[in-house]
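Visitor:
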Amino acid sequence: MKKYRLLIIIIFVFLGMTSSAQKVLSLDEAIANVLDKNFDIKLAKYDSAVAAIDYSYRNSAFLPQLNGDVGATWNNNNQNITLNNGTKRTGRGIKSSAITSQLALNWTLFDGLKMFATRDKLEKILEVGEIEIRRQMDTTIASVIDNYYNIVRQKQQLRAIEEQMSIDSERVRLAQYRLDIGAGAKPDLLQSKIDLNAQKSAQLQQQSLIGQLREQLNQAMGLPQFSMYDVTDTIIIKRDISLGDVLNYAEKSDPSVKIAATGIDIAKLTLKEAKGDLYPSLSFNSTYNYNRNNNQTVLNPTSPLFTQTNGLNYGLTASIPILNHFNARRSVRQAKWNIQYQGLVYDNTKSVTQLSVINAFQSYEEQKKELDLEDENILLARENLDIVLQMYKLSAATLLQLKEAQQSLQDAYNRLIAARYNAKVSETELLRLSGQLVK
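FYI, in the numbering used here the residues of the sequence shown are 10 to 448.
1) Taking the Cβ atom as the reference point for each residue, do LEU135 and ALA60 lie within a distance shorter than 8 Å?
2) What are the start and end residues of the alpha helix (DSSP H) that includes ALA194?
3) Using DSSP with H/G/I as helix, E/B as strand and the rest coil, what is VAL447?
4) What separation, rounded to the nearest whole angstrom, lies between the Cα atoms of ASP147 and GLU132?
5) Quick one: residues in its chain with C-beta nearer than 8 Å to the C-beta of THR241, no 5 flanking neighbours on either side, listed in chain order?
6) Would you mind reading off the limits of the alpha helix (DSSP H) that contains PHE315?
7) Just curious, the beta strand (DSSP E) that SER106 is in, first and last residue?
8) Taking the CB atoms as reference points, tell me whether PHE293 and ASN303 lie closer together than 8 Å.
9) What runs of the alpha helix (DSSP H), each 4 residues or longer, lie entirely inside the region 25-67?
10) Relative to the C-alpha of ARG424, which candidate in ALA390, GLY272 and ASP263 has its C-alpha closest?
11) Determine the extent of the alpha helix (DSSP H) in which ALA344 is found, giving its start and end residues.
12) Which class does GLN88 belong to by DSSP, given the choice of helix, strand or coil?
13) Could you compute how far the alpha carbon of ASP286 sits from the alpha carbon of ALA58?
14) Taking the alpha carbon of LEU167 as the reference point, which residue from ILE275, GLU224 and ALA211 has its own alpha carbon closest?
15) Going by DSSP, what residue range makes up the alpha helix (DSSP H) through ARG441?
16) Looking only at DSSP bridge pairs, what is GLY253 linked to?
17) Are TYR355 and LEU439 close, meaning C-beta to C-beta below 8 Å?
18) What residue range is occupied by the uninterrupted alpha helix (DSSP H) comprising SER265?
19) Do we get a CB-CB distance below 8 Å when we pair GLN145 with the residues of chain E?
20) Please determine, among LEU442, ARG441, VAL266 and TYR401, the residue with the shortest C-alpha to C-alpha distance to ILE176.
21) Following the continuous beta strand (DSSP E) through TYR297, name the residue where it begins and the one where it ends.
22) Which of helix, strand or coil does DSSP assign to VAL79?
23) So is SER443 buried or exposed if we call it buried at 16+ other beta carbons inside 10 Å?
24) Between ALA344 and ALA270, which are expected to be in contact by the criterion C-beta below 8 Å, what is the C-beta distance as a whole number of angstroms?
25) Identify every residue that forms a DSSP beta bridge with ASP204.
26) Can you list, in chain order, the residues of its chain with a C-beta nearer than 8 Å to that of ASP56? Leave out the 5 residues immediately preceding and following it.
27) If we ignore side chains and look at the alpha-carbon of each, how far apart do TYR299 and SER106 end up?
28) From the DSSP output, read off the bridge partner residues of GLN74.
29) Just the C-alpha distance for LEU291 and ALA337, rounded to the nearest angstrom, thanks.
30) Helix, strand or coil: which one does DSSP assign to ASP177?
31) Could you check which residue in LYS123, SER404, LEU418 and ARG143 has the C-alpha nearest to that of VAL266?
32) Would the region 254-263 count as touching the region 364-383 if we require 3 or more Cβ pairs under 8 Å?
33) Residues in its own chain within less than 7 Å of ASN85 by CB, not counting five upstream and five downstream?
34) Check ASP147 in the structure and name its three-state DSSP category.
35) Where does ASP242 sit, in a helix, a strand or coil, going by DSSP?
As structure tokens, then:
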């Protein structure tokens with residue numbers, strides 16, 4: 010019977026461990042979910058789809074315009090006419106019908122090369138839409154990376170709190186033991202219990218914060234609320250990033266710089282469109298007409314009862330701009346100024362990006378130095394706490410000295426965990442500015 014009871018206990022323990030175990034969500038999986046389901050990226054793609062539709066019809070400007078018209082008319086009129094010889098004639102309810110149709114073609118053969126500039130401009134606008142998607146992807150992925158590693162950071166902070174809890178529990182045990190044998194004081198026991206409860210409260214708050222950050226990550230990844238998973242335990246920092254490489258990448262690949270550069274190309278094509286209005290245009294025109302009139306009665310002997318005409322007409326039309334309130338010249342001047350303006354925008358964007366890269370790199374370098382310092386400092390703080398704790402067990406150290414050693418270790422953990430996270434944030438920002446987050 011005892012064997013069966015032991016077997017049941019083992020089974021329940023195994024099932025509990027299985028149900029509590031959570032799948033570890035890697036950063037790559039989180040980014041894949043973001044690229045597939047994030048709403049901001051989807052909205053950016055829809056915005057770009059409008060430019061893609063326009064671009065798909067880019068060659069339509071080279072095609073002719075063809076329009077067809079069909080009309081039918083039925084008349085029921087009363088007529089009074091007087092002929093040259095003085096004869097008067099009167100008719101009531103005279104009915105007639107007419108059918109007209111036309112097929113008209115207009116084909117612009119030359120318009121000052123505007124149609125070529127318009128086609129190339131649509132291509133550049135499409136490029137801007139694609140770059141906007143890339144920029145949104147970079148921004149969203151950077152936010153997700155920061156969120157993901159913030160969860161890792163808070164998990165590390167939770168482990169630091171739990172380590173403090175274990176020390177406080179040991180303090181409570183020692184204080185209780187000393188009080189029981191008459192060698193301790195009750196305030197030491199009470200203070201140890203107070204400190205332990207404070208750490209338990211901090212543990213609950215930390216667990217709540219991790220849950221909130223997980224829900225933020227769920228929303229960014231497009232996952233249902235309360236989706237449960239775990240994240241990795243470590244934050245790995247790239248230490249081989251050089252300022253020169255990042256600046257070169259940023260100048261070539263940063264979405265903001267690329268959009269500003271494309272803005273100059275679009276401004277130049279707009280100037281070509283404006284100059285097209287200064288040149289004559291040549292069009293080929295052709296129409297096919299069909300007209301039919303049917304009169305049941307005519308009062309005038311010279312009027313036909315039935316007529317029908319149809320035929321093809323074609324020709325060329327040249328339109329020469331002479332004076333149009335100087336609108337064309339004004340558009341040309343405005344387009345030239347816009348090119349200069351877009352050039353200033355490009356220079357400013359490149360300058361701001363370079364400044365952002367330099368600031369991010371300086372922060373990255375400082376965080377690496379601080380991380381190295383805190384890696385060394387945490388070892389010292391832990392060794393110091395171990396020594397003071399052993400001395401406290403031997404009654405060679407006071408409770409105040411032990412609390413100071415604990416606080417030093419806790420402060421060292423806080424600085425170390427913050428340095429790791431801040432270094433990762435600086436690294437992510439450098440990769441975002443240089444356009445290296447999305448390969």
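For every residue, glycine included, the Cβ atom is placed at its ideal position computed from N, Cα and C. Bear in mind the structure is a predicted one, so any value in this text is a computation, not a measurement.
Guide: So, to answer that:
1) To locate residue 135, count along the sequence shown from 1; it is residue 126. To locate residue 60, count along the sequence shown from 1; it is residue 51. Yes, these two residues count as a Cβ contact at 8 Å.
2) Taking the first residue of the sequence shown as 1, we reach residue 194 at position 185. Neither: ALA194 is in no alpha helix (DSSP H) and is coded neither H nor E.
3) Locating residue 447 in the sequence shown gives position 438, where the first residue counts as 1. VAL447: coil per DSSP, three-state reduction.
4) In the sequence shown, residue 147 corresponds to position 138, counting from 1. In the sequence shown, residue 132 corresponds to position 123, counting from 1. Straight-line Cα distance between these residues: approximately 23 Å.
5) The count along the sequence shown starts at 1 and reaches residue 241 at position 232. Excluding positions up to five away in sequence, the list reads VAL33, SER35, LEU36 and VAL161.
6) Residue mapping note: residue 315 aligns to position 306 of the sequence shown, counting from 1. Segment 315-328 is the beta strand (DSSP E) holding PHE315; no alpha helix (DSSP H) there.
7) Here residue 106 refers to the residue found at position 97 when the sequence shown is read from its first residue. That run of the beta strand (DSSP E) goes 97-119.
8) Position 284 of the sequence shown holds residue 293. Position 294 of the sequence shown holds residue 303. No, the pair does not count as a contact, with Cβ atoms beyond the cut-off.
9) 36-46 and 48-65
10) Taking the first residue of the sequence shown as position 1, residue 424 is located at position 415. For the residues ALA390, GLY272 and ASP263, the minimum Cα distance to ARG424 belongs to ALA390.
11) Indexing the sequence shown from 1 puts residue 344 at position 335. Where ALA344 is concerned, the enclosing alpha helix (DSSP H) stretches over 336-402.
12) Counted from its first residue, the sequence shown places residue 88 at position 79. It is a strand residue.
13) Residue mapping note: residue 286 aligns to position 277 of the sequence shown, counting from 1. Residue mapping note: residue 58 aligns to position 49 of the sequence shown, counting from 1. One C-alpha to the other measures close to 30 Å.
14) Within the sequence shown, residue 167 is the residue found at index 158, counting from 1. For LEU167, the nearest C-alpha among the options comes from ALA211.
15) To locate residue 441, count along the sequence shown from 1; it is residue 432. 408-442 is the extent of the alpha helix (DSSP H) around ARG441.
16) Taking the sequence shown and counting its residues from 1, one reaches residue 253 at position 244. According to DSSP, GLY253 bridges with nothing at all.
17) As a first step, residue 355 is located in the sequence shown; it is residue number 346 there, counting from the start. As a first step, residue 439 is located in the sequence shown; it is residue number 430 there, counting from the start. Their beta carbons are not under 8 Å apart, which means TYR355 does not touch LEU439 by this criterion.
18) What you label residue 265 is simply residue 256 of the sequence shown in a count that begins at 1. That run of the alpha helix (DSSP H) goes 264-285.
19) Absent from the structure: chain E. Only one protein chain is present.
20) Along the sequence shown, one-based indexing puts residue 176 at 167. Per the Cα distances, TYR401.
21) Walking along the sequence shown from the start, residue 297 turns up at place 288. Here the beta strand (DSSP E) through TYR297 covers 290-304.
22) By 1-based counting over the sequence shown, the position of residue 79 is 70. In this structure, VAL79 counts as strand in the three-state DSSP scheme.
23) By 1-based counting over the sequence shown, the position of residue 443 is 434. SER443 comes out buried.
24) On the sequence shown, position 335 is the one that residue 344 refers to. On the sequence shown, position 261 is the one that residue 270 refers to. So it is not a contact: roughly 18 Å between Cβ atoms.
25) Position 195 of the sequence shown, counted from the start, is the residue given in the question as residue 204. DSSP output for ASP204 lists no bridge partner at all.
26) Working through the sequence shown from its first residue, we reach residue 56 at position 47. Apart from sequence neighbours up to five positions away, the residues of its chain that approach ASP56 with a beta-carbon distance below 8 Å are GLY138 and GLU141, ordered along the chain.
27) As a first step, residue 299 must be located in the sequence shown, where it is residue number 290. As a first step, residue 106 must be located in the sequence shown, where it is residue number 97. Approximately 14 Å between the Cα atoms of the pair.
28) For the purposes of this step, residue 74 is taken as the residue at position 65 of the sequence shown. Under DSSP, GLN74 shares a beta bridge with ASN115.
29) Taking the sequence shown and counting its residues from 1, the one referred to as residue 291 is at position 282. Taking the sequence shown and counting its residues from 1, the one referred to as residue 337 is at position 328. Cα to Cα, LEU291 sits roughly 18 Å from ALA337.
30) By 1-based counting over the sequence shown, the position of residue 177 is 168. Correct three-state label for ASP177: helix.
31) Working through the sequence shown from its first residue, we reach residue 266 at position 257. Out of LYS123, SER404, LEU418 and ARG143, ARG143 has the C-alpha closest to the C-alpha of VAL266.
32) yes
33) On the sequence shown, residue 85 is found 76 positions in, with the first residue counted as 1. Excluding positions up to five away in sequence, the list reads GLY102 and LYS104.
34) Taking the first residue of the sequence shown as position 1, residue 147 is located at position 138. ASP147 falls in the helix class under three-state DSSP.
35) As a first step, residue 242 must be located in the sequence shown, where it is residue number 233. In the displayed model, ASP242 falls within coil according to three-state DSSP, outside both helix and strand.
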